[in-house]
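Below: one structure, written as structure tokens.
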Amino acid sequence: TVMVAALQGDWLWSLLGVTVFAAVFSAPFFLLAVFPSLLKSLPKSGNWMNSVKVTMGFLELAAAMKFVSNVDLVYQWEMLTRPVFIAIWLALALVTAMYLLGWFRLPHEMPGQSVGVFRVFSAIFFLAVSFYLFRGLLGFPLGELDAFLPPRDYGGVEASVLGGRGRAAAKDELWLDSYAEGLEVARRENRPIFLDFTGYTCTNCRWMESNMFPLPEVQALLGRFVLVRLYTDGPEEVHERNLQFERDRFGTIALPYYAIISPEDQVLATFPGLTRDSSAFIEFLNRGLRGTT
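In this note's numbering, the protein residues as written are 209 to 501.
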């Protein structure tokens, strides 16, 4: 991110990044101010606009649940577990589809509104989303969407509420939450450490944990490491120490951030950020293993 780059002293790219970010958000308002006649060419509001606003309202509720889930994760309340979260999103998708099909209307809407082709196709889309989310309740992986969901083991519940976990279940490794403890185990067993800097609210971290770590070849390689996972975005002092450790040792606060450490506490390899290239991540793991042989 641009803030990480600024922390590392790369001011030029950081300034360019925030400038582009601000320009993109301000461009529509600037253009409308320069060319006020463009406002007249915009389509007039009516029943279609009301349907759009209601649909966007349901989408905002779904987005709000993600932020509520972040708070739940950070403070470890264990209320919005993965099944509960998926069930809420599924219910919102179904209600949105029912609204678009005209099965109910809100108090401020005029009766007798017709259901056009666009609303029907939009309803079909939300029904498809509902079916996709239902597969998540059965324990199946949800691909890119997994990055926005609570971890499977959060709250001590299974990923499925209906008894089956499908093919989604990844091998449950033993993750330590203390680097000092991990280093002690590594020296005793003469194995390198796989160090995972992660965050409760980090969607890229969730993506890697849900889509990269469960790959069979990655699983086989991770089994040869002492696994240590350090959270850096929690409210407790230990999380602040983890963040300070990442900053002092590796010169970054990026999440996710992976490092392979020898039993002698030497850095063998590092891998910053998310990747969808499994071969690159596997090469990183192999490079760390070669450094200990």
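Heads up, the beta-carbon is just placed ideally off N, CA and C, and yes, glycines get one too.
The structure displayed is predicted, hence computed values, not measured ones.
Looking at C-beta atoms only, is the number of pairs between the segment 426-442 and the segment 383-393 that lie closer than 8 Å three or more? yes
Please classify W285 as buried or exposed, where buried requires at least 16 neighbouring CB atoms within 10 angstroms. exposed
Our contact map puts T409 next to D441 with C-beta atoms below 8 Å; I'd like the distance itself, whole angstroms only. 6 Å
Endpoints, the alpha helix (DSSP H) within which R495 is located: 486-498
For Y465 versus E454, is the C-beta distance shorter than 8 Å? yes
Return the first residue and the last residue of the alpha helix (DSSP H) that I294 is part of. 290-308
For V436, the residue or residues it bridges with in DSSP: L384, L403
Check this for me: beta carbons of P422 and V282, under 8 Å apart or not? no
Could you say which of E491, L357, G407 lies nearest to L429 if we only look at CA atoms? E491
Among I401, L357, L482, F402, whose alpha-carbon lies nearest the alpha-carbon of N278? L357
When DSSP labels each residue in this structure, what does T478 get in the three-state scheme? strand
Inspect the beta-carbon positions of F334 and A295 and report whether they are closer than 8 Å. no
Sequence-distant residues of the same chain with beta carbon closer than 6 Å to S368, five excluded per side: Reliability fails at S368, whose pLDDT of 45 lies under 50, so the model's placement of it is uncertain and no value is given.
How many whole angstroms separate the CB atoms of A477 and R495, which I take to be in contact at a CB cut-off of 8 Å? 5 Å
Return the Cβ separation of G407 and L463 in integer angstroms, given the expectation that the two are a contact with Cβ distance under 8 Å. 5 Å
Is N419 near G481, with beta carbons less than 8 Å apart? no
Rounded straight-line distance, which links the Cα of P471 to that of V393: 9 Å
Just to confirm the assignment, what range does the alpha helix (DSSP H) spanning I332 have? 325-345
Closest to E417 by CA distance: which of L353, D456, P400 is it? L353
What residues in its chain sit with their C-beta under 8 Å from that of S486, if we drop five residues either side in the sequence? M420, L423, E425, V426
Under the rule that 16 or more other beta-carbon atoms within 10 Å means buried, what is P238, buried or exposed? Before going further, note that residue 238 is Phe rather than Pro in the sequence given. Exposed.
For the candidate residues F293, S234, V260, whose alpha-carbon lies nearest to that of R324? Note that residue 324 is Gly in the sequence shown, not Arg. Nearest of F293, S234, V260 to G324, Cα basis: V260.
Looking only at DSSP bridge pairs, what is K467 linked to? The amino acid at residue 467 is misidentified as Lys; the sequence shows Ala. Per DSSP, L403, T478.
I need the DSSP call for A377, collapsed to helix, strand or coil. Model confidence at A377 stands at a pLDDT of 41, short of 50, so the residue's coordinates are unreliable; what they give is reported in the following sentence. Looking at A377 - three-state DSSP - the assignment turns out to be coil, as it is neither helix nor strand.
Would T289 and G363 be called neighbours here (beta carbons separated by less than 8 Å)? yes
Inter-residue Cα distance where the pair is D380 and A231: Note that D380 has pLDDT 49, beneath the 50 cutoff, so the model's placement of it is unreliable and no number is given.
According to the Cβ coordinates, are L309 and A336 closer than 8 Å? no
How is S368 classed by DSSP in three states: helix, strand or coil? Because the pLDDT of S368 is 45, which lies under 50, any placement of that residue in the model is unreliable, and the question is left without a value.
For D473, count the other beta carbons within 10 Å of its own beta carbon; 16 or more makes it buried, fewer makes it exposed. Which is it? exposed
Under the three-state reduction of DSSP, which class applies to A462: helix, strand or coil? coil
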